[in-house]
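Whatever position you read off the sequence shown (first residue = 1), add 1 for my numbering.
Virtual Cβ for every residue (Gly too), placed ideally from N, Cα, C.
Here is the structure we will look at, set down as structure tokens.
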Amino acid sequence: QEAQCTRLVCNGALMTPKKSTGEPRPKEDVLKGAKEFIDEYYMSIKRFNSDQHKARWEAISATIEETGTYELTQTELVYGAKLAWRNAPRCIGRIQWSKLQVFDARYVSTPSGMFEAICNHIKYGTNKGNLRSAITVFPSRTDGEHDFRVWNPQLISYAGYRQEDGSCIGDPINCEFTEICQSLGWQGMGGRWDILPLILSANGQDPELFELPPDLITRVPISHPEYKWFAEMGLEWYALPAVSSMCFDCGGLEFPACPFNGWYMVTEIAARDFCDPHRLNIMEDVGRKMGLDTRNNSTLWKDKALVEVNVAVLHSFQTHNVTIMDHHSASESFMKHFENEQRLRGGCPADWVWIVPPISGSITPVFHQEMSLYHLKPSYEYQDPAWKTHVWKKSKDSRTTIRKTKRKFRFKEIARAVKFTSKLFGKALSKRIKATILYATETGKSEMYAKKLAEIFNHTFNAQVYCMSDYDLINIEHEALVLVVTSTFGNGDPPENGEDFAKNLYAMKVSGTAADIDDVANNSYWQDYSAQK
Numbered sequence: 002q003e004a005q006c007t008r009l010v011c012n013g014a015l016m017t018p019k020k021s022t023g024e025p026r027p028k029e030d031v032l033k034g035a036k037e038f039i040d041e042y043y044m045s046i047k048r049f050n051s052d053q054h055k056a057r058w059e060a061i062s063a064t065i066e067e068t069g070t071y072e073l074t075q076t077e078l079v080y081g082a083k084l085a086w087r088n089a090p091r092c093i094g095r096i097q098w099s100k101l102q103v104f105d106a107r108y109v110s111t112p113s114g115m116f117e118a119i120c121n122h123i124k125y126g127t128n129k130g131n132l133r134s135a136i137t138v139f140p141s142r143t144d145g146e147h148d149f150r151v152w153n154p155q156l157i158s159y160a161g162y163r164q165e166d167g168s169c170i171g172d173p174i175n176c177e178f179t180e181i182c183q184s185l186g187w188q189g190m191g192g193r194w195d196i197l198p199l200i201l202s203a204n205g206q207d208p209e210l211f212e213l214p215p216d217l218i219t220r221v222p223i224s225h226p227e228y229k230w231f232a233e234m235g236l237e238w239y240a241l242p243a244v245s246s247m248c249f250d251c252g253g254l255e256f257p258a259c260p261f262n263g264w265y266m267v268t269e270i271a272a273r274d275f276c277d278p279h280r281l282n283i284m285e286d287v288g289r290k291m292g293l294d295t296r297n298n299s300t301l302w303k304d305k306a307l308v309e310v311n312v313a314v315l316h317s318f319q320t321h322n323v324t325i326m327d328h329h330s331a332s333e334s335f336m337k338h339f340e341n342e343q344r345l346r347g348g349c350p351a352d353w354v355w356i357v358p359p360i361s362g363s364i365t366p367v368f369h370q371e372m373s374l375y376h377l378k379p380s381y382e383y384q385d386p387a388w389k390t391h392v393w394k395k396s397k398d399s400r401t402t403i404r405k406t407k408r409k410f411r412f413k414e415i416a417r418a419v420k421f422t423s424k425l426f427g428k429a430l431s432k433r434i435k436a437t438i439l440y441a442t443e444t445g446k447s448e449m450y451a452k453k454l455a456e457i458f459n460h461t462f463n464a465q466v467y468c469m470s471d472y473d474l475i476n477i478e479h480e481a482l483v484l485v486v487t488s489t490f491g492n493g494d495p496p497e498n499g500e501d502f503a504k505n506l507y508a509m510k511v512s513g514t515a516a517d518i519d520d521v522a523n524n525s526y527w528q529d530y531s532a533q534k
């Protein structure tokens, strides 16, 4: 992908680089992007130029020629979403790229369906404070007039209420979006810490507004381990940073709604959200409360106050058992990732301006690391805010009616809804984390236990059972959870329908994969398994 710099001018420090245009791509561009991605995918699973690879490309190219687009398989989508994070030059936390949980929400067709998927995402990502990185992918762009969009810059953020004197109550960065919410009927409480509602649009239709359930949002009150007055400032921040305004570009396709989250580095909250002049701007207030001379820059009061704000945020998140990372640890982890990428891929795209933390720059190793900025696909791209590009179907006066109103239901409608529940149940299962249960058996005993295990796991997971001989081993790298139920006989001999699976598995280079082994026959299996490892 081309950079914005020219032969004479470097634009590497621009806040917003090249954006996604929002226009549908020509068939030729889709074909080119699809070919590059599919080739890369099959190379990654060591099946390049295989019969399966050739057949897949023939199917894709035929579909694109006929319709102008195509659909990624779920495995391709998972691979692409992870690779896009790996390719993101501005992210310091990319060492975790392979652990991204991908929720496939391409089946969604309505704003309420989007809201349900997002609530599921927030619950999974927050995980009672033990944050997990995740992305939810909604349908791809077709003709540019039927986009799915999350209008919020982040899934969770605070309102900003513009005052007549030009000041702001709340977060000033969200003043414009708060006014958009108010134009759609949301009022807000007018406080500093009002959580903004979600504005969601599906299939190019006008957006609908949804308020997030309070119990879904983890808030962290800010205090300091030494300065007791810090708690009296009444500061707080939300636990989950979930960017929701970017476009996922993968295989020639664009997914304009793809909210994703990781977890905070302390400086993002303490230095930027709390202390930037155009944000909450608390630094001078903190400096005065610390007894510092805030009239003279040479006293370095700003530096002292800024460090203590970072101490307070770290202390508060750790006290409430919410995942957060200090900027020194984050820098060291990035250096490890950088070294890994140099070895594995011969390079690592990195935007030095963004990678170096906003405080303590030169005492972090990333400051002294030369970096090359280039752009790879798949990627996460900036795009114009939805409210600036949306073509409204309703008149301005009728837009506030999108809030849901109460209604009475007749018996026939209820009966129709009951009939529809089987379809909804299938959709609900697809939103759960997938658990794959593999079995191999000579007598049928392991198959029976595998099915019982699936019944148990289906209370929480989307459990699917496969015989090892029927399972495509290519998919194992992208599985979230794999359980193996197997039996042995005689002197620990494996069942015949598991032999090929075992041989192919040992031939693969598997790293970072957890295995749970259920032996339902004899103890010699553990010895055999340990020896093979």
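Close-in-space but distant-in-sequence residues of the same chain around residue i (CB under 8 Å, 5 per side omitted)
i             : result
lysine 407    : With a pLDDT of 39 at lysine 407, under the threshold of 50, the modelled position of this residue cannot be trusted; read the value that follows with caution. Cβ neighbours of lysine 407 beyond the five flanking positions: none.
serine 202    : Pro112, Asp148, Phe149, Arg150, Trp152, Pro208, Glu209, Ala387 and His391
glutamine 343 : Cys349
threonine 17  : Tyr383
leucine 132   : Gly126, Ala240, Leu241, Asn262, Gly263, Trp264, Val323 and Thr324
arginine 8    : none
Integer Cβ distance of residue i from residue j, believed to fall under 8 Å
i                 : j              : result
aspartate 105     : tyrosine 159   : Contact flag wrong, Cβ pair sits at about 30 Å.
phenylalanine 211 : isoleucine 223 : Contact doesn't hold; Cβ gap of about 28 Å is too wide.
arginine 95       : histidine 338  : 5 Å
leucine 254       : serine 141     : 4 Å
glycine 1         : glycine 81     : Any property of residue 1 remains undetermined from this structure, which presents the chain solely from 2 to 534.
threonine 219     : glycine 145    : Between glycine 145 and threonine 219 the Cβ distance is about 37 Å, and since that is not below 8 Å, they are no contact.
alanine 481       : glutamine 102  : 7 Å
valine 314        : isoleucine 270 : 5 Å
threonine 137     : proline 260    : 6 Å
alanine 441       : asparagine 498 : 5 Å
alanine 351       : methionine 372 : 4 Å
Residue environment, residue i, which counts as buried when at least 16 other CB atoms sit within 10 Å
i                 : result
glycine 34        : buried
valine 10         : exposed
tryptophan 152    : buried
alanine 63        : exposed
glutamine 384     : buried
glutamine 5       : exposed
histidine 369     : exposed
aspartate 274     : buried
phenylalanine 462 : buried
lysine 83         : buried
glutamine 164     : exposed
methionine 115    : buried
arginine 289      : exposed
valine 594        : The shown model of the chain, from 2 to 534, leaves out residue 594, and the question about it has no answer.
phenylalanine 457 : In the sequence as displayed, the identity of residue 457 is isoleucine instead of phenylalanine. Exposed.
alanine 56        : exposed
tryptophan 302    : buried
serine 361        : buried
Residue from the options whose Cα sits closest to the Cα of residue i
i                 : options                           : result
alanine 387       : Ala14, Thr22 and Thr7             : Thr22
leucine 199       : Lys378, Thr143, Ile119 and Leu241 : Ile119
tryptophan 53     : Ile65, Ser184, Ile39 and Cys259   : Per the sequence shown, residue 53 should be read as glutamine rather than tryptophan. For the residues Ile65, Ser184, Ile39 and Cys259, the minimum Cα distance to glutamine 53 belongs to Ile39.
asparagine 175    : Gly186, Gln188 and Gly161         : Gly161
serine 380        : Leu32, Phe318, Cys248 and Pro25   : Cys248
valine 244        : Leu236, Gly235 and Pro257         : Pro257
glycine 13        : Ser447, Trp302, Arg91 and Tyr239  : Arg91
phenylalanine 139 : Ser246, Leu454 and Thr324         : Ser246
isoleucine 93     : Glu237, His329, Tyr42 and Ile181  : His329
glutamate 448     : Lys435, Gln465 and Ile434         : Gln465
proline 154       : Glu37, Thr143 and Thr179          : Thr179
leucine 236       : Phe502, Arg193, Asp216 and Asn204 : Arg193
alanine 272       : Asp471, Trp238 and Met291         : Trp238
isoleucine 157    : Ser110, Gly205, Pro214 and His376 : Pro214
arginine 87       : Leu345, Lys394 and Ser470         : Leu345
proline 359       : Asp277, Asn498, Glu67 and Ala85   : Asp277
Own chain, CB closer than 6 Å to residue i, minus 5 neighbours either side, in chain order
i              : result
asparagine 505 : Leu474
isoleucine 61  : Ala35 and Tyr71
alanine 516    : Interpretation of alanine 516 is limited by its pLDDT of 47, a score under 50 that renders its predicted location unreliable; no figure is taken from the coordinates.
valine 1       : No information on residue 1 is available, as it lies outside the stretch 2 to 534 that the chain covers here.
proline 226    : His316
Nonlocal neighbours in the same chain, by C-beta distance under 7 Å from residue i, ignoring five residues either side
i                 : result
asparagine 262    : Gly126, Ser134, Ala135, Leu241, Pro242 and Ala243
valine 287        : Ala306, Glu309 and Val310
phenylalanine 318 : Val221 and Ile325
lysine 409        : Confidence in lysine 409 is poor, its pLDDT being 45 and thus under 50, which makes the residue's placement unreliable; the coordinate value appears in the next sentence. Cβ neighbours of lysine 409 beyond the five flanking positions: none.
Answer yes if the stretch 351–367 comes into contact with the stretch 63–73, meaning at least three C-beta pairs across the two stretches below 8 Å, and no otherwise. Contact check between the stretch 63–73 and the stretch 351–367: fewer than three CB pairs, one atom from each, fall below 8 Å, which does not count as touching.
Three-pair Cβ contact test at 8 Å for the stretch 184–191 versus the stretch 276–283: With contact defined as three or more Cβ pairs closer than 8 Å, the stretch 184–191 and the stretch 276–283 are not in contact.
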